[in-house]
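Residue numbers (our numbering): 1394 to 1793.
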Amino acid sequence: MPIAASARSSAVSSVSGRRLRVLSAAAAMGLGLVACGGGSQVSKFTPNKIVSFGDELSYLGEQTVQGQLIKGQKYGVNYVDTSYAYYTGTTFESDAAVITARAAETYGGATTYSVDVDGLRFIKSTASNADATHLRQTRTLWGCAVEGRLWMQILASGYGLGYGTGCPGDGNGAVTYATVGAKTADVIAQLNAHKGELTSSTMATVLAGQNDIIEQLAIYRATPGELANIKARLKSRGEQLGQAVNGVLSTGARVLIVTPPDLGKAPGAGSNGTILTEMTQAFIDGFTGINGVLNNGNKIGLVKAFDLVQTIYASPSSYALNVLERACDMTGTARFKADGLTATTSLLDCTYSVTEPVNSTLVPGASLYTHLWASDWVLAPGGQARIGSLAYSRATANPF
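Written as structure tokens, this is what we have:
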């Protein structure tokens, strides 16, 4: 059954964005950045479009559940608002006494699935065991533009833009072509495929490299003697990505590049933390080095997420973050897709809510902004928010 637009709007707008504004100010004060080039800002660049490239850290996507396409899902922690609604036939029940009576019934009858008009709310309608005309709807709204935003959503919102194509609850003017699992070659392909969309009033963002590093970690664990070759390989891939970034500068677009976070500090690093830090640094050395991106602060801005993660790890209490544990319950025994039936370990289905019924699949003690990492390698909203704040600070301070 369709959900009124006003109800969707109310559900989204009911959550305050004050927390992220505070994070933005804190991050901006807490860690300065050096631009790729020197000089002072000669004129303030304000993009009218943002185009993002990269891997799951910049991915706003969708998935099909029970034949219904749900939009606005992220790899990390998804903020959701789940509620019940009751019907007699096609009549929505608003009378408190009737709702109380309906809520007391048990529901195990015929079930149907649907989504609302924008695909953000997944609706499961189940008939009562007592009377098949009595229906209970479980409505799960993905608040992809409200809380738990990705770093580039925070950046875009600072310019009054949003990723409405990937998250219909967001504003418009920004688009992401990032894909889950993307490595350097994939991101280069993204840049080449969409170069024609970039203009002198566009800001492009690039965050990639972690999947190359994770791939090479597997090689190192099998053959530790290959470390020197692995680091050389990662440096070369960083250089290739930097050169691909240089290749879009002829469009006139400004590019904000973000280094991968220090994976040596991620929960998946285990006993290989020091080696992973070296491997991450090797990729960055290639990406930002002499054979990588041009040292041109007028065209390229640099966001040092690697350094930020190291700073947070060194003083987690200053950021009120758990830096050691994963926020998402990755066992799959307590987590299901939106239908409540299909077991899953995908981060697209890692959710947090404080609504009734509770729809939270985090580990005990975790909430939306308590952890740096969502899983072995993927940042949680606490990490995403701080990188987003830092990115906006870098973009507005850079001499574009």
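Backbone N, C-alpha and C fix where the C-beta goes; we use that ideal spot for every residue, glycine too. A quick note: this is a predicted structure, and the numbers were derived from the prediction, not measured.
Answer with buried or exposed for residue i, where buried requires no fewer than 16 other C-beta atoms within 10 angstroms of its C-beta.
{"i": "Arg1514", "result": "buried"}
{"i": "Ile1463", "result": "buried"}
{"i": "Gly1555", "result": "buried"}
{"i": "Ile1677", "result": "buried"}
{"i": "Thr1475", "result": "buried"}
{"i": "Asp1524", "result": "exposed"}
{"i": "Ser1710", "result": "exposed"}
{"i": "Thr1595", "result": "buried"}
{"i": "Asn1604", "result": "buried"}
{"i": "Thr1526", "result": "exposed"}
{"i": "Asp1509", "result": "buried"}
{"i": "Leu1610", "result": "buried"}
My guess is that residue i and residue j are in contact by the Cβ rule of under 8 Å, so how many angstroms apart are they, rounded?
{"i": "Leu1528", "j": "Tyr1480", "result": "4 Å"}
{"i": "Thr1533", "j": "Asn1791", "result": "Not a contact, Cβ separation roughly 39 Å."}
{"i": "Val1651", "j": "Leu1600", "result": "4 Å"}
{"i": "Ile1668", "j": "Tyr1613", "result": "6 Å"}
{"i": "Cys1743", "j": "Thr1735", "result": "Incorrect: roughly 14 Å between the Cβ atoms, too far for contact."}
{"i": "Ala1767", "j": "Leu1741", "result": "Not a contact, Cβ separation roughly 11 Å."}
{"i": "Leu1649", "j": "Val1696", "result": "6 Å"}
{"i": "Thr1519", "j": "Gly1502", "result": "6 Å"}
In the DSSP assignment, find the unbroken alpha helix (DSSP H) run with residue i in it and report its ends.
{"i": "Ser1476", "result": "Here Ser1476 belongs to no alpha helix (DSSP H); instead the beta strand (DSSP E) covers 1471-1481."}
{"i": "Leu1548", "result": "1544-1551"}
{"i": "Arg1787", "result": "1774-1790"}
{"i": "Leu1649", "result": "Where Leu1649 is concerned, there is no enclosing alpha helix (DSSP H), although the beta strand (DSSP E) it sits in stretches over 1647-1651."}
{"i": "Ala1586", "result": "1577-1587"}
{"i": "Thr1493", "result": "1489-1496"}
{"i": "Glu1632", "result": "1620-1639"}
In whole angstroms, what is the alpha-carbon distance linking residue i and residue j?
{"i": "Asn1688", "j": "Gln1636", "result": "12 Å"}
{"i": "Asn1691", "j": "Thr1457", "result": "42 Å"}
{"i": "Asn1471", "j": "Gly1559", "result": "14 Å"}
{"i": "Ala1549", "j": "Gly1541", "result": "14 Å"}
{"i": "Ile1623", "j": "Thr1673", "result": "11 Å"}
{"i": "Lys1680", "j": "Val1539", "result": "At residue 1680 the sequence reads Phe, which differs from the Lys that was named. Approximately 33 Å, taken between the alpha carbons."}
{"i": "Ile1547", "j": "Asp1700", "result": "19 Å"}
{"i": "Asn1522", "j": "Glu1498", "result": "7 Å"}
{"i": "Asn1665", "j": "Gln1530", "result": "47 Å"}
{"i": "Lys1517", "j": "Glu1486", "result": "16 Å"}
{"i": "Gly1465", "j": "Ala1659", "result": "25 Å"}
{"i": "Ala1788", "j": "Ala1571", "result": "20 Å"}
{"i": "Glu1590", "j": "Ala1575", "result": "20 Å"}
{"i": "Leu1656", "j": "Ala1698", "result": "11 Å"}
{"i": "Phe1446", "j": "Pro1440", "result": "16 Å"}
{"i": "Asp1732", "j": "Gln1459", "result": "7 Å"}
{"i": "Thr1748", "j": "Gly1564", "result": "25 Å"}
{"i": "Gly1512", "j": "Gly1557", "result": "12 Å"}
{"i": "Phe1438", "j": "Pro1561", "result": "27 Å"}
{"i": "Val1427", "j": "Ala1496", "result": "Caution is warranted here: a pLDDT of 41 is assigned to Val1427, below 50, making its placement in the model unreliable, and no coordinate value can be reported."}
{"i": "Thr1577", "j": "Ala1489", "result": "56 Å"}
{"i": "Phe1793", "j": "Gly1694", "result": "8 Å"}
{"i": "Ser1417", "j": "Gly1553", "result": "Any reading at Ser1417 must be qualified, since the residue scores a pLDDT of 41, below 50, and its modelled position is unreliable; the value itself is stated next. For Ser1417 and Gly1553, the distance between alpha carbons rounds to 15 Å."}
Got a sec, what are the start and stop residues for the beta strand (DSSP E) residue i sits in?
{"i": "Met1672", "result": "Note, Met1672: premise wrong, no beta strand (DSSP E); alpha helix (DSSP H) at 1666-1681."}
{"i": "Lys1464", "result": "1461-1466"}
{"i": "Val1702", "result": "Where Val1702 is concerned, there is no enclosing beta strand (DSSP E), although the alpha helix (DSSP H) it sits in stretches over 1698-1707."}
{"i": "Arg1529", "result": "1527-1535"}
Going along the chain, which residues of its own chain have a beta-carbon closer than 6 Å to the beta-carbon of residue i, five neighbours each way excluded?
{"i": "Gly1775", "result": "Leu1714, Tyr1762, His1764, Leu1765"}
{"i": "Ala1420", "result": "In this prediction, Ala1420 scores a pLDDT of 43, lower than 50, which makes its location untrustworthy; the coordinate-derived value is nonetheless stated afterwards. Same-chain partners within the cutoff: Arg1779, Ser1782, Leu1783."}
{"i": "Val1568", "result": "Val1444, Thr1558"}
{"i": "Glu1632", "result": "Gly1679, Asn1684, Gly1685"}
{"i": "Leu1642", "result": "Lys1692"}
{"i": "Thr1670", "result": "Asp1655, Gly1657"}
{"i": "Gln1703", "result": "Asp1655"}
{"i": "Gly1587", "result": "Correcting the residue identity first, residue 1587 is His in this sequence and not Gly. These residues qualify, in order along the chain: Tyr1570."}
Spatial neighbours of residue i within its chain, please: C-beta separation below 7 Å, excluding the five flanking residues on both sides.
{"i": "Thr1592", "result": "Thr1644, Gly1645, Ala1646"}
Could you name the residues of the same chain whose beta carbon sits closer than 8 Å to that of residue i, not counting the 5 residues immediately before and after it, in chain order?
{"i": "Val1573", "result": "Asp1448, Glu1449, Tyr1452, Gly1454, Tyr1468"}
{"i": "Thr1738", "result": "Met1723, Thr1724, Gly1725, Arg1728"}
{"i": "Lys1628", "result": "Ala1675, Phe1676, Asp1678, Gly1679, Gly1682"}
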